[in-house]
Amino acid sequence: MAERVSLFEVGPRDGLQNEAAAIATADKVRLVDLLSATGLTRIEVTSFVSPRWVPQMADAAEVLAGIARRPGVTYAALTPNLRGLEAALAAGADEVAVFASASEGFSRANINCSVADSLARFRPVCAAAAEAGVPVRGYVSCVTDCPYDGPVKPAAVADVAVALARMGCREISLGDTLGRATPERVERMLGAVLDSLPAERLAGHFHDTGGQALDNIEASVALGLRSFDAAVGGLGGCPYAPGAAGNVATEAVVARLAELGLETGVDAAALAEAAAFAKGLRTEP
Ligand code: HMG
Ligand code: MG
Numbered sequence: 001m002a003e004r005v006s007l008f009e010v011g012p013r014d015g016l017q018n019e020a021a022a023i024a025t026a027d028k029v030r031l032v033d034l035l036s037a038t039g040l041t042r043i044e045v046t047s048f049v050s051p052r053w054v055p056q057m058a059d060a061a062e063v064l065a066g067i068a069r070r071p072g073v074t075y076a077a078l079t080p081n082l083r084g085l086e087a088a089l090a091a092g093a094d095e096v097a098v099f100a101s102a103s104e105g106f107s108r109a110n111i112n113c114s115v116a117d118s119l120a121r122f123r124p125v126c127a128a129a130a131e132a133g134v135p136v137r138g139y140v141s142c143v144t145d146c147p148y149d150g151p152v153k154p155a156a157v158a159d160v161a162v163a164l165a166r167m168g169c170r171e172i173s174l175g176d177t178l179g180r181a182t183p184e185r186v187e188r189m190l191g192a193v194l195d196s197l198p199a200e201r202l203a204g205h206f207h208d209t210g211g212q213a214l215d216n217i218e219a220s221v222a223l224g225l226r227s228f229d230a231a232v233g234g235l236g237g238c239p240y241a242p243g244a245a246g247n248v249a250t251e252a253v254v255a256r257l258a259e260l261g262l263e264t265g266v267d268a269a270a271l272a273e274a275a276a277f278a279k280g281l282r283t284e285p
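First residue of the sequence shown: 1, per UniProt numbering; consecutive thereafter.
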């Protein structure tokens, strides 16, 4: 049997958060429902963040309330602080995520605090989630480049990843926020993180500005990673990472992994239907 890779679908969250025009809650719900029918087992639905910072995610609770939950599928949400966690738990999120950065510039732009302050803020979030029996994912942004500070040292990524793992994050998602990483730089970065954490605890999160996201995934697979984030239709970008393009498209990741002899359990036809719908939600080409 082919070896399995786990895909974490971030389209409804990372994909839609950057869209300037309001997207109807019903359309977000429809996108999640289409994704639930593809065989994907982990879907990041939304973010419980400040609506002043990210207006597109202001209907987080409504989206979670509206989706048809499919057994075996985990519905996740971003939670930057205790307030976000409480709201996510009340809305029935199955998994939550805290999000840190390996660089100071992005941390301040994205969550308005230093890296150290963000980690201090996430500790009680992880503790409260553990008490509620909800797993926490930890993101590290800017693992190779920061839009504000430039190239990022692999050791800085490892430090933040270890801090998140120690506070209880089960999986650490390593984010190429700008999407300009290359396989060589990904290998160097992963080399540093893998000195401290096993590959089973790590996921790759590649935006695709430079067109090398699939090669970066392949380099990560070679180093033992078996979990990757992707956004259906290649949606997305981060409002606080100017110039960054969307996430690598889920359908392209499924195809590349199949070429490598790795199985995702995703139905290509159902995913194509979700991708067509997702692309129709974009306000900009
Ligand atoms: P702040 O201004 O420092 O904090 O923001 P604050 O406590 O002063 O709150 C500001 C306002 O937000 C207040 O309301 C709070 O009540 C409200 P106001 O008085 O202005 O009306 N507030 C909240 N509202 C709803 N839910 C909450 C919440 N918390 C405070 N949980 C804060 C700090 C973290 C809140 C803000 O900076 C924020 O929301 N940032 C989120 C930014 C974001 O969502 N970025 C995109 C996701 S990260 C990403 O895309 C990268 C990733 O994909 C990986 C990669 O690619 O690298 C994950
Ligand atoms: Mg992202």
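Even for Gly, the Cβ is constructed at its ideal location relative to N, Cα and C. Given the structure is predicted, the values throughout are model-derived calculations rather than measurements.
Cutoff 7 Å; reference residue i; Cβ partners in own chain excluding five residues on either side
i	result
A278	G11, G15, L31, V232, G233, L235
L85	T79, V96, V125, A128, A129
A192	P154, A155, V157, A158
L89	A132, V134
T38	V266, D267, A270, L271, A274
S220	V186, L190, G204
G92	L64
T264	V5, L7, V254, L257
G224	A199
Identity of the residue in the options nearest residue i by Cα
i	options	result
R137	A269, G175, R70	G175
L262	V140, E19, R226	R226
N18	D33, Q56, K28	Q56
R188	D27, V152, A255	V152
E200	F228, Y148, R52, G72	F228
A164	R123, A77, L34, A20	Note that residue 164 corresponds to Leu in the displayed sequence, not to Ala. Among R123, A77, L34, A20, the Cα nearest to that of L164 belongs to R123.
D59	G72, A24, T144	A24
A102	S118, G92, A87, A91	S118
F48	A87, G237, A21	A87
L7	T283, A252, P198	A252
Y148	A120, G211, A244, E218	A244
R52	V248, S141, P239, T264	P239
V5	R282, V98, V254	V254
R13	K28, A2, A26, T46	T46
E218	R180, E259, E9	E259
L197	G179, Q212, R166, F206	R166
E9	N216, T283, A77	A77
A26	E62, E3, S36	E62
V162	T182, A116, A181, V248	A116
The ligand HMG heavy atom lying under 6 Å from the CB of residue i
i	result
N112	yes
N18	no
R83	yes
T177	yes
C238	yes
S220	no
P80	yes
P50	According to the sequence displayed, residue 50 carries Ser and not Pro. Yes, the Cβ of S50 comes within 6 Å of a heavy atom of the ligand HMG.
V54	yes
D139	For clarity, residue 139 is Tyr in the given sequence; the question names Asp instead. Within the cutoff, so yes.
S47	yes
L99	The sequence given here places Phe at residue 99; Leu does not occur at that position. For the ligand HMG, at least one heavy atom lies less than 6 Å from the Cβ of F99.
Local conformation of residue i per DSSP, three classes
i	result
G39	coil
V232	helix
D27	helix
T250	helix
A76	strand
M220	It is Ser, not Met, that sits at residue 220 in the sequence shown. In the structure shown, S220 sits in a helix (DSSP, three-state: H, G or I).
D149	coil
L271	helix
V266	coil
Beta-carbon proximity list for residue i, same chain, < 8 Å, skipping 5 on both sides
i	result
T74	T41, R42, I43, D94, E95
D33	I67, A68
A276	G233
G168	C126, A127, A129, A130, V136
S114	E104, S107, R108
P183	Q212, D215, N216, E218, A219
N- and C-terminal bounds of the alpha helix (DSSP H) containing residue i
i	result
D117	115-131
R166	154-166
Q183	Checking the displayed sequence, the identity of residue 183 turns out to be Pro instead of Gln. Here the alpha helix (DSSP H) through P183 covers 183-194.
E19	Unbroken run through E19: none, as it is neither H nor E.
A109	104-111
V49	Premise fails: V49 is in no alpha helix (DSSP H) and is neither H nor E.
R83	82-90
A244	Looking at the DSSP string, A244 is not in any alpha helix (DSSP H), and its letter there is neither H nor E.
Continuous beta strand (DSSP E) stretch holding residue i: start and end
i	result
residue 303	A question about residue 303 goes unanswered here, because the residues of the chain that appear run from 1 up to 285.
E95	95-101
A203	202-206
F8	6-9
G138	136-141
Cβ-heavy atom distance, residue i to the ligand MG, below 6 Å
i	result
D215	no
D117	no
D14	yes
Close beta carbons around residue i, own chain, < 6 Å, minus the five adjacent residues each side
i	result
C142	S101, A102, S103, F106, V152, T177
Chain B contact for residue i (CB, 7 Å cutoff)
i	result
R201	In the displayed structure, chain B is absent; only one protein chain is listed.
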